[in-house]
Structure formats: structure tokens, C-alpha cells
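Going down the list, the protein sequences come from chains A and B.
Last residue of the first sequence: 321 (our numbering), numbering continuous.
Last residue of the second sequence: 321 (our numbering), numbering continuous.
Glycine is no exception: its CB is placed at the ideal position from the N, C-alpha and C atoms.
These numbers were taken from a predicted model, which means no experiment stands behind them.
Reading through the C-alpha cells given below for one structure.
Number of protein chains: 2
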Amino acid sequence: MRNPTLHDVARAAGVSYSTADRVLNGRGGVAMKSIQRVRQAIEDLGYRRDITAANLSRRRSYRFAAYVPPGDHGFFSAIRRAFLDQAEARAGQRITVDLRDELDGPPADCDCAVLAGAGQERIDALIAGDVPVVALVTDMPGARAYIGIDNLAAGRTAGRLHRIAHRGRHARVLPVMGSASLRDHRDRLAGMAEILGADSLLPPIEVRDNPDRMRDLLGQALRADPGITGIYSIGAGNRGLIPLMRDMGGNRPFVVLHELTPHSRAGLLDDLIDVVIDQKPAEEVACALDVMKAIADGETPGSVTITPAIFFKENLPGVPA
Amino acid sequence: MRNPTLHDVARAAGVSYSTADRVLNGRGGVAMKSIQRVRQAIEDLGYRRDITAANLSRRRSYRFAAYVPPGDHGFFSAIRRAFLDQAEARAGQRITVDLRDELDGPPADCDCAVLAGAGQERIDALIAGDVPVVALVTDMPGARAYIGIDNLAAGRTAGRLHRIAHRGRHARVLPVMGSASLRDHRDRLAGMAEILGADSLLPPIEVRDNPDRMRDLLGQALRADPGITGIYSIGAGNRGLIPLMRDMGGNRPFVVLHELTPHSRAGLLDDLIDVVIDQKPAEEVACALDVMKAIADGETPGSVTITPAIFFKENLPGVPA
DNA sequence: CGGCAAATGAAAGACGTCAATCATTTTCTT
DNA sequence: AAGAAAATGATTGACGTCTTTCATTTGCCG
Chain A
1 MRNPTLHDVA RAAGVSYSTA DRVLNGRGGV AMKSIQRVRQ AIEDLGYRRD
51 ITAANLSRRR SYRFAAYVPP GDHGFFSAIR RAFLDQAEAR AGQRITVDLR
101 DELDGPPADC DCAVLAGAGQ ERIDALIAGD VPVVALVTDM PGARAYIGID
151 NLAAGRTAGR LHRIAHRGRH ARVLPVMGSA SLRDHRDRLA GMAEILGADS
201 LLPPIEVRDN PDRMRDLLGQ ALRADPGITG IYSIGAGNRG LIPLMRDMGG
251 NRPFVVLHEL TPHSRAGLLD DLIDVVIDQK PAEEVACALD VMKAIADGET
301 PGSVTITPAI FFKENLPGVP A
Chain B
1 MRNPTLHDVA RAAGVSYSTA DRVLNGRGGV AMKSIQRVRQ AIEDLGYRRD
51 ITAANLSRRR SYRFAAYVPP GDHGFFSAIR RAFLDQAEAR AGQRITVDLR
101 DELDGPPADC DCAVLAGAGQ ERIDALIAGD VPVVALVTDM PGARAYIGID
151 NLAAGRTAGR LHRIAHRGRH ARVLPVMGSA SLRDHRDRLA GMAEILGADS
201 LLPPIEVRDN PDRMRDLLGQ ALRADPGITG IYSIGAGNRG LIPLMRDMGG
251 NRPFVVLHEL TPHSRAGLLD DLIDVVIDQK PAEEVACALD VMKAIADGET
301 PGSVTITPAI FFKENLPGVP A
């Protein structure tokens, strides 16, 4: 009943434990026919190495580095907190997470690194250093896996929400981007365009994820075009959006934005915004660590697409105690 | 640098390994002052028992039993599949899941059991047998933890969606329950009532999660009251709803229902329904197993509230390959 | 067939914890 | 203070794998 051990494999293959071990761990110096017999025995018995025992023996601890942009965008500080929480929670699993600003030096000696929404320069440096890299939030070429949401689908979702909210009426939705040069933001916009059609989608404005700029540019746009019936805020800086909606009172546009932060939560509760699409940073981070562990164990896990949560005023999760 | 071991703790406390072990594992026969010194040393060193080593030593394998109602409601068969998948995925973690119909005999000897949407009779039998029980999908008194969605919040969410969809117009929403005696269903209805108000919410019909009955009763209700602008299907049996919507063509009501199944997925894609609120069976099951493992390890984890996913046509996850 | 390299086997000591046994010390009782 | 009970210490062999060392066997070459 018990799972087969490497001893069982060796016995079944008719070789010694040493030889089975040499095959399993690729140490070389084994005749071809032995290799095949061991492989066959592994297959037959359905042997799976007990990773916990292996790690115990190797005194292996997983050393991960996480690069998260500095500053306190509500969102990235949630990511940062999630890494700290997870590091704490996984201490018993021999996992160490070294959390760093994306600005600092070359990667320390670690088993796998994760980059959250970082630029291409960083990943190049890491890859050059032979460290496998996982992309979080923002995909990037060269990454072994991407963990994050499908931004195109997110944009389509936002579009659908606007369509539902506009049922019957003609929609005029203003997209507010962080930057048109960010892949994520472009994808979201493209997704929305698929659903809304050109006549309903106004040209986007760019606020560089900056609340002040958001307040200025968006306020200006709303004054210039009183016929705007919807807003899709694609990036960050929504702190600047809230007071504008408060000023507009009862006939503000329908607002969809991204990431649940203290500000967007308050906005929902105060009926100043309508929908928040959240990519669940804690779950993303947990997922990223699982993937990194798998990579460190020599597996080749695929990318993980997080299904974003959609929050209204009514289904906000309780604040953690 | 390396994590402290129990040997380190013993040394720091000035006692032998045996004594430290007796304290840690509550074996008794230890003087109060030794207990305190060991506790203090554990605290000071930040000692955390290495669970992998412990499990290795105990040859511990977690034996779980999962009771899932028989039959192939799309939803419960997804739960069932999730258990099988997880059992497979966690074989390396020494976790065995014994999946059973809720009808069969008393609990086998196991570390923890999980009941998915079962009646009270079952849980009583299990609890009498000293097996800790976790409730999945449907909460029940006596369970050590509940893993599932907040049904009240789900109902409110559905209500909000209807309000968004009805903006301006007067809503007349027909709730379709499985059974008014199910706690989950009552909660969902109550949640919706909080948002919609009595004048917009019609009296519910009951279809007992049965597609045929759904087709008959709902069809009848729709013919009787052509002014229905929305449907909230609270339970199962939605297979019977789809063809009705197809028949109504362009001016069908706005439809919100629960659980992503092959049928509801097809309904979304064919524009026959609008929103699916899904409780993510796979995630729930994974979560339940984590909780059960924690319970088996002697921890006392809390309940977990799953945030339901909200699906439109546009953000459906790809079908697993 | 001698000699050399390659292949194999045997063994042992980690890793950190569990669990059990037995010997010894301390503490309490009367 | 003697004897019983309680507490402690010392030790050992698992658990399954890793890693290294050393001895032995096998195969191949000229």
C-alpha cells in the first residue's frame, strides 16, 4: 500500500540502490542497459521521489527573490505585503523570500526570481545570471512563466459591464490609461474596444498612474464633454478620480476600474464608483511561489491565468482583522 | 543562519532533547518549570518544527474522506472531479482522499472528513465518530470549518447586477429557487431582496433543482407575466432554462444564475444568459484540503470564504485542455 | 591473458523529527 | 531517612533521500 521507495525501484530493476540513485539523479557512469532497467522499474512501480525527504536530506531551502516596484501605489504595496505574508506562512516549508526594490543590484544567488510589473531591463540582467524568472502581473518575454490576469479578457469584461449598464442608451465611455506604452494597459483597452465599438469608445487619456494628473486631466475631459456616460480607468491613480465623482453627484458616469485598494473600496461603499476588477494580489503571489517552487524542483510548470474578481459594493470581502 | 532545531531549543532551555520533545508533543510527565523554560526557548529562538521532517518520521499520511452527493448535477460532478484531481496532485504530499457518495456507510477510519452540500444526518454520524468534519458549499452546525461562498453577498451581487442592467427602468425580477428549505438558497434570496426592494422582486418559484420542472414552471410563469424583466436562478436545473430563453429571442429577461457548467457556459456564449456567479469548485476543494490538513496537523484554522467569480461571455476561462 | 577503465555494489552518515526504552536523578511522602 | 513516585537524561532506530567513499566486478583493449 505504501508508496514505493527508491530501494523498491532498485530491487525491481535488479540493481543496487547506488545505481538506481545514479540514474535518478543523473550522476553518470551508468551503462545504458542499467539506465533503461531503472527507468522501466520507475515506470512500472509508479515511483515518485519523496520531495520532502529529498529536501530534508539536502538541507535544501528554496531561496527566492521578489522584485516589486517601490512606492506605495495601493496595488503594489498589496503585492509587497502578500510576499511578506507568504514568506512568513511558508517558513515551515523552507522557503525564503528576499523582497527587494526593482532598482537594486544584480540578483543574489537564488533559486528563482519573480518580477512584478517590472521593465525589460531587469529581466535581462536576471536571465543573464542564469536565474529562472517568473513574471507577475505583467508578462514579459524571457520569463519562464507568467502569473496574472488575462488583460484582454479583463478589458472585455469592463466593456460588457458598460454595455449592461447602458442597456438601451448610447454609451460614451472614456478610457483612462496609465500609459499607452504598457502592454497590460493596451490589452485592456483593446479588450474593451472589442465589445463597445468605435462609436461608444472615446479616445483614451493618459494619466501616468498619478492621482494628481488623474484629477486634472480627467476633470478637464469631463467638463469638456458633458455627454460622457462611462469611465474605464485602466491603470492606477484612482485616488484622484474619487473626488471628481463626488463633485458630480447623482448623474456621474458609470465607473469601472481596476484593483481593490483602500481608496477604491471606499469609493464603492460611497457609491462613487460602480465596479472594481481586482487581480487578487495575495492569490497571485501564492500562485507565483508555487510556480517558483515547482521550477526550483526541476519541473516545468505552465503559466497561470488568474481569474480576476469583480467587486460591487455588495460583495466586498471583509477587511482582514 | 540555519533554522533552529529542537536540539537547539533543548540546549538553550538547559534540558535534554527528550524533555524538549515531551513538551513539544505534549507527552506529559514534565515539571512545570521545565515546560516554561522550553516554551521560552522556543519563543526566543523562533523555533518552528519542521513539518516535512516530522511527517517523514511519522510516516504520516493524511487520510481524508469526502462525501459528495451522487448524481451528475453539473456542479457536484465538478466538485467530484476536483477532488480526484487534487488527490492526484497531492499524492506527493502523502494525502489520500477517499471519495464517497454521501449515502454509504459510517466513516472509515480517517483524519478528517469533508461534506459537500450534505444534510444534517450525515454530519451527526461523523461527529459521533470523533472525526473532525469540514463543511463545503453548505454550512452546517457542528462543522469545524466552512469553506464556501457568502451566499448573502452572492444574492446581493445578483441584485446589484440586475439594478445595473435595469438602470432607469423598473425591474421585475423573478427568483427561481431550488428549494426554499435550503439555507443557501434562502440566503441568496435574502441578499437579493436587500438590494432590489419588494416592488421589484416577484415571489419565488421552486423548481427543486430539476431541469424539467424548471422548464415547466418557469415557462408557465413567463407566459403568465410578460412583464418579467429579470430572472435570478438561485439553484441548479438551469439546463431547463436555456431553451426557454432561446424561444423568447431578442426581448428575453436579464438572466443571472449560479455555477459555471457546460450548460451555463454554452448559455453565455449563445447570449441566452447574461451572468454566471460561480463558486469555483476547484478552488474550494483545494482550500478544503488545506484546511483539513491543518486540522489534522492539530491547528485550528478558521473558515474560508471563497469570493465567487463573476462570469460574462467575455471573461470565460478557457476550457482545460 | 594481463591490465586498465568503466560500471556496479556496499556501506555509512547526514537531514530533523518521532517514538520508545531504560537508567538515573530529583522530589515528595510518611 | 528510606522508599516510592515523578522527572529527566541518554540512547536508539526508524522515515526516504542525498552524497561520498571504497571495494569489487565486468568489459574491453592490445
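Reducing DSSP to helix, strand and coil, say where residue i ends up.
{"i": "B:VAL38", "result": "helix"}
{"i": "A:SER179", "result": "coil"}
{"i": "B:LEU241", "result": "coil"}
{"i": "A:ARG100", "result": "strand"}
{"i": "A:ALA330", "result": "This structure cannot speak to residue 330 of chain A, because chain A is shown only from 1 to 321."}
{"i": "A:ALA116", "result": "strand"}
{"i": "A:PHE64", "result": "strand"}
{"i": "B:ALA321", "result": "Note that B:ALA321 scores 38 on pLDDT, short of 50, meaning its location in the model is unreliable; the coordinates nonetheless yield the value given after this. Coil, per DSSP."}
{"i": "A:ALA266", "result": "helix"}
{"i": "B:ILE231", "result": "strand"}
{"i": "A:ALA13", "result": "helix"}
{"i": "B:THR307", "result": "coil"}
{"i": "A:ALA154", "result": "helix"}
{"i": "B:PHE76", "result": "helix"}
{"i": "B:GLU284", "result": "helix"}
{"i": "A:GLU322", "result": "Because chain A is modelled from 1 through 321, residue 322 of chain A falls outside the range shown and cannot be assessed."}
{"i": "B:GLU259", "result": "coil"}
{"i": "A:VAL23", "result": "helix"}
{"i": "A:ILE273", "result": "coil"}
{"i": "A:GLY148", "result": "strand"}
{"i": "A:ASN3", "result": "coil"}
Apart from the five residues on each side of it in sequence, which residues of its chain come closer than 7 Å, Cβ to Cβ, to residue i?
{"i": "B:PRO301", "result": "ALA145, VAL291, ALA294, ILE295"}
{"i": "A:ASN210", "result": "GLY237"}
{"i": "A:PRO132", "result": "CYS112, ARG144, ILE295"}
{"i": "A:ILE42", "result": "VAL9"}
Cutting at 6 Å between CB atoms, please list the residues of its own chain near residue i, excluding the five before and the five after it.
{"i": "B:SER303", "result": "ALA145, TYR146"}
{"i": "B:VAL285", "result": "ALA82, PHE83, GLN86"}
{"i": "B:LEU217", "result": "ILE205, VAL207"}
{"i": "A:ALA153", "result": "none"}
{"i": "A:ASP199", "result": "none"}
Whole angstroms is fine: what's the gap from residue i's alpha carbon to residue j's?
{"i": "A:ARG183", "j": "A:ILE195", "result": "19 Å"}
{"i": "B:PHE83", "j": "B:LEU99", "result": "7 Å"}
{"i": "A:GLY267", "j": "A:PRO253", "result": "14 Å"}
{"i": "B:HIS185", "j": "B:PRO70", "result": "20 Å"}
{"i": "B:GLY227", "j": "B:GLU206", "result": "20 Å"}
{"i": "B:ASN251", "j": "B:GLN220", "result": "17 Å"}
{"i": "A:LEU115", "j": "A:VAL134", "result": "6 Å"}
{"i": "A:ILE234", "j": "A:LYS280", "result": "16 Å"}
{"i": "B:LEU136", "j": "B:ALA288", "result": "7 Å"}
{"i": "B:PRO203", "j": "B:ARG215", "result": "17 Å"}
{"i": "B:THR157", "j": "B:ASP270", "result": "23 Å"}
{"i": "A:PHE76", "j": "A:GLY155", "result": "20 Å"}
{"i": "A:ILE149", "j": "B:GLY14", "result": "53 Å"}
{"i": "B:MET177", "j": "A:THR138", "result": "42 Å"}
{"i": "A:HIS258", "j": "A:ASP278", "result": "6 Å"}
{"i": "A:VAL255", "j": "A:VAL173", "result": "9 Å"}
Where does residue i land, buried or exposed, given buried means 16+ other C-beta within 10 angstroms?
{"i": "A:LYS33", "result": "exposed"}
{"i": "A:ARG163", "result": "buried"}
{"i": "A:HIS7", "result": "exposed"}
{"i": "A:ARG223", "result": "exposed"}
{"i": "B:ALA190", "result": "exposed"}
{"i": "A:HIS263", "result": "buried"}
{"i": "B:TYR67", "result": "buried"}
{"i": "B:ASP187", "result": "buried"}
{"i": "A:GLY197", "result": "exposed"}
{"i": "A:GLY117", "result": "buried"}
Might you give, ordered along the chain, the residues of its own chain that have their beta carbon closer than 8 Å to the beta carbon of residue i, omitting 5 neighbours on each side?
{"i": "B:ARG169", "result": "THR229"}
{"i": "A:ARG213", "result": "VAL207, GLY237, GLY240"}
{"i": "A:ARG94", "result": "ASN55, ARG60, SER61, TYR62"}
{"i": "A:ASP247", "result": "none"}
{"i": "A:ASP50", "result": "ASN3, THR5"}
Relative to chain B, which residues along the segment 143 to 165 of chain A have a C-beta separation below 8 Å, given in chain order? Residues passing the 8 Å Cβ filter: ASP150, ALA153, ALA154, ARG156, THR157, GLY159, ARG160, LEU161, ILE164, ALA165.
Determine which residues of the segment 295 to 313 of chain B have a Cβ less than 9 Å from any Cβ of chain A, and write them out in chain order. Going along the segment 295 to 313 of chain B in chain order, one finds THR305, THR307, PRO308, ALA309, ILE310, PHE311, PHE312, LYS313 with a Cβ nearer than 9 Å to chain A.
Please list the residues of the segment 50 to 77 of chain A that have a C-beta atom closer than 9 Å to any C-beta atom in chain B, keeping them in chain order. Hits within the stretch, in order: ASP50, ILE51, THR52, ALA53, ASN55, LEU56, ARG59, SER61.
Of the residues that make up the segment 189 to 205 of chain A, which ones have a beta carbon closer than 7 Å to any beta carbon in chain B? ILE195: these are the residues of the segment 189 to 205 of chain A whose beta carbon lies less than 7 Å from some beta carbon of chain B, given in chain order.
Going along the segment 242 to 254 of chain B in order, which residues come within less than 7 Å of chain A, judged by CB to CB distance? Answer in chain order: no residues at all.
Note down, in chain order, all residues in the segment 21 to 32 of chain B with a beta-carbon under 9 Å from any beta-carbon belonging to chain A. Going along the segment 21 to 32 of chain B in chain order, one finds no residue with a Cβ nearer than 9 Å to chain A.
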